[in-house]
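Number of protein chains: 2
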Amino acid sequence: MMQSETASIQVLTTVDVVVLTLVDGVLSVVLVQRERAPFAGVWALPGGYIHAQEDADAHASAARVLRSKAGIEDAYLEQLATFSGPARDPRGWSVAISYCALIPQQKLPTPRQGLKMVPVAATGQLPFDHGQILQAALARVRSKSQYSSLPVHFFGESFTLPQLQQVYESILGEPLNKVSFRRKMDELGMLEPVPGQMQAGGAHRPAQLHRVRPEFRQQLALSARGL
Amino acid sequence: MMQSETASIQVLTTVDVVVLTLVDGVLSVVLVQRERAPFAGVWALPGGYIHAQEDADAHASAARVLRSKAGIEDAYLEQLATFSGPARDPRGWSVAISYCALIPQQKLPTPRQGLKMVPVAATGQLPFDHGQILQAALARVRSKSQYSSLPVHFFGESFTLPQLQQVYESILGEPLNKVSFRRKMDELGMLEPVPGQMQAGGAHRPAQLHRVRPEFRQQLALSARGL
DNA sequence: CAAATAGTGTCTGTAAGACAATATATG
DNA sequence: CATATATTGTCTTACAGACACTATTTG
């Protein structure tokens, strides 16, 4: 009954990161061009091996991969799920701890060779099981946007409530009631107006700029009943 | 910038399973006594290495561990989160893909040497980071019980609505409105009365037995607005 | 002032909870 | 029939969405 307690075949341990951002209001994912086999030259999610010598945990591995392969720092990063099996990577039985990162467009690195942002609906076929990982990330973001402040991580320092509502609507794929949305944001208590600042713009009343209160910077605000 | 793409230090890949059940209405966790170092003789969550030779994925590893180390079959099983780092296991840098299992008391194996059920509040200190994994499982179950049918997996074939409500209340730690609870269960549409059967019992009206509709057996029913 | 969008007040419908009446067992 | 719990009906309250009104900017 009790089998040997040694892992007799090496299991590859990797991290893959789904970096999401809004490019002109369109939910997009960061892809990098793979430099080596398997799938050399193919566009894929940024990923790589865990480096046991230097990584404090898989979260640190994901942050390192993000920095070294996509030039991204300071993204909001949360663990998604872990994918595994003998077939997902042609090199052998592998474990991929996947992470989801949200980052404002302004924090993206300058576009360069081997790095691009693609609307999530237009990635085409992705190597490994990266298509499945991307779908898991989208499901997570849509689900969490229904009851939490997750989408604020798509913005930088400050933003207006109409902008924020547009992002929620874009992610959820449905229009939201303006009054209810503002009531909810008020109840969550995570935003504060940036004193005196308004957004310049068109021939109309300018909107008040808001920012996330410091105590919510690295933490999500959750709503009991959604929105 | 681009570092070597080989995992130069072996990473241990394991699964750990938090098996939850209700023992006389008290939420309890299955612990097994470890047979070998590290922590030989200590009570811990059932866990073990991934066996790349035989496991189709980590989910299969978890099911195998459950069968071989705790004698449990056919539990509801879902992935929880993945814990990792150099310190959580004294053998070295390790990855533990954790799973949460729910099982009715009747399906538990006959108690035997090296296997016990402990109320979740009374486990005491657990080895590795199993305390943290247990807390993640409890948070998951409580969270999902607020808006899904997750707790039905604590029951076997059939159960009454008052029994089910008691379980929800026990998990959530607060009393629920009887009328609202029944309205919600009705809306979810996942239960059906077992024709003609009632539960025998005390000196009072017996409750109608219900069961999960076949199409919801391996899938949770989700509510839009909670409960 | 006309146009355009921001922000707010208020009404209405829906859904959740309180309360209570009815139903059906046992002794 | 007294008692105990199951089940259902109905009233009340709270909240979400619809609608419309006010506010503030540019040209």
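If you're matching them up, the sequences are chains A and B in order. With this note's numbering applied, the first sequence corresponds to residues 668 to 894, in that order. With this note's numbering applied, the second sequence corresponds to residues 668 to 894, in that order. Beta carbons: idealized from backbone N, C-alpha and C, even for Gly.
Please look up how many angstroms separate the CB atoms of residue i and residue j, rounded, as I've assumed it's under 8 angstroms.
i, j, result
"B/Val682", "A/Ile717", "Going by Cβ atoms, the distance from B/Val682 to A/Ile717 rounds to 17 angstroms, so no, they are not a contact pair."
"B/Ser815", "B/Leu889", "5 angstroms"
"A/Leu694", "A/Ala711", "At roughly 19 angstroms, the Cβ-Cβ gap does not stay under 8 angstroms, so A/Leu694 and A/Ala711 are not in contact."
"B/Lys709", "B/Arg701", "A quick correction: the sequence has Val, not Lys, at residue 709 of chain B. Yes, B/Val709 and B/Arg701 are in contact; Cβ-Cβ is about 5 angstroms, under 8 angstroms."
"B/Val896", "B/Ser765", "Because chain B here runs from 668 to 894, residue 896 of chain B falls outside it and cannot be looked at."
"A/Pro771", "A/Phe848", "That pair is no contact at about 20 angstroms."
"A/Gly738", "A/Pro776", "4 angstroms"
"A/Pro705", "A/Pro757", "5 angstroms"
"A/Gln866", "A/Pro860", "A/Gln866 to A/Pro860, Cβ: 12 angstroms. No contact."
"B/Val819", "B/Val879", "5 angstroms"
"B/Leu817", "B/Leu887", "6 angstroms"
"B/Gly752", "A/Ala723", "6 angstroms"
"B/Asp741", "B/Lys774", "7 angstroms"
"A/Val834", "A/Cys767", "With a Cβ gap of about 16 angstroms, A/Val834 and A/Cys767 do not count as contacting."
"A/Phe750", "A/Ile800", "6 angstroms"
"A/Met857", "A/Phe883", "4 angstroms"
"B/Leu643", "B/Ala804", "Because chain B here runs from 668 to 894, residue 643 of chain B falls outside it and cannot be looked at."
By DSSP's criteria, residue i is part of a beta bridge. Which residues make up the other side?
i, result
"A/Gly783", "Position check: residue 783 of chain A holds Lys in this sequence, whereas Gly was assumed. In the DSSP output, where bridge partners are listed per residue, A/Lys783 has A/Leu698."
"A/Asp683", "A/Gly714 and A/Ser765"
"B/Leu858", "B/Val879"
"A/Leu889", "A/Ser815"
At what residues does the beta strand (DSSP E) containing residue i begin and finish?
i, result
"A/Val768", "The sequence shown places Ala at residue 768 of chain A, rather than the Val named in the question. Per DSSP, A/Ala768 belongs to the beta strand (DSSP E) from Ser761 to Leu769."
Over the uninterrupted alpha helix (DSSP H) stretch that includes residue i, give me the two end residues.
i, result
"B/His726", "Ala725 to Ala737"
"A/Gly752", "No alpha helix (DSSP H) holds A/Gly752; the beta strand (DSSP E) holding it covers Tyr743 to Gly752."
"B/Gly798", "His797 to Ser812"
"A/Val834", "Leu828 to Leu839"
"A/Lys774", "From DSSP, A/Lys774 is part of no alpha helix (DSSP H); its letter is neither H nor E."
"B/Asp691", "Looking at the DSSP string, B/Asp691 is not in any alpha helix (DSSP H), and its letter there is neither H nor E."
"B/Met852", "Lys845 to Leu855"
Indicate the three-state DSSP secondary structure (helix, strand or coil) for residue i in the structure shown.
i, result
"A/Met865", "strand"
"B/Gln677", "coil"
"A/His877", "strand"
"A/Leu817", "helix"
"B/Val633", "Absent from the model: residue 633 of chain B. The displayed extent of chain B is 668 to 894, so no value can be given."
"B/Gln670", "Because B/Gln670 carries a pLDDT of 44, less than 50, the predicted location of this residue cannot be relied on, and the following value inherits that uncertainty. Coil."
"A/Glu882", "helix"
"A/Val788", "Per the sequence presented here, residue 788 of chain A reads as Ala, with Val not at that position. Of the three classes helix, strand and coil, the one that applies to A/Ala788 here is helix, per DSSP."
"A/Pro757", "coil"
Return yes when the C-beta of residue i is under 7 angstroms from any heavy atom of the ligand NAD, and no when it is not.
i, result
"B/Ala888", "Of ligands this structure carries none, so the ligand NAD is not represented either."
Problem - Selection of the region 707-719 of chain A by Cβ proximity to chain B, strictly under 8 angstroms - result: Legend: CB atoms of the region 707-719 of chain A lying less than 8 angstroms from CB atoms of chain B belong to residues Gly715, Tyr716, Ile717, His718 and Ala719.
Handout entry: Positions along the region 724-746 of chain A whose CB lies within less than 7 angstroms of some CB in chain B
Key = Within the region 724-746 of chain A, the qualifying residues are Asp724, Ala725, Ser735 and Gln746.
Exercise for the section: Can you give me, in chain order, the residues of the region 828-841 of chain B that have a beta carbon less than 9 angstroms from any beta carbon in chain A? Expected result: From the region 828-841 of chain B, no residue has a Cβ closer than 9 angstroms to chain A.
Practice task
Using a Cβ-Cβ cut-off of less than 7 angstroms, list which residues of the region 804-819 of chain A approach chain B; keep chain order.
Solution key: Flagged: no residues at all.
Exercise for the section: Note down, in chain order, all residues in the region 756-786 of chain B with a beta-carbon under 8 angstroms from any beta-carbon belonging to chain A. Expected result: In summary, the residues of the region 756-786 of chain B whose CB is separated from some CB of chain A by less than 8 angstroms are Gly759, Trp760, Val762 and Ile764, in the order they occur in the chain.
Exercise for the section: Could you name the residues of the region 685-701 of chain B whose beta carbon sits closer than 8 angstroms to any beta carbon of chain A, in the order they occur along the chain? Expected result: From the region 685-701 of chain B, no residue has a Cβ closer than 8 angstroms to chain A.
Practice task
Could you list the residues in the region 842-860 of chain A with a C-beta less than 8 angstroms from some C-beta on chain B, going in chain order?
Solution key: For the region 842-860 of chain A, the beta-carbon criterion of a distance under 8 angstroms to any beta-carbon of chain B is satisfied by none of its residues.
Handout entry: Cβ-based contacts, 9 angstroms cut-off: residues of the region 787-803 of chain A near chain B
Key = Result list empty, no residue passes.
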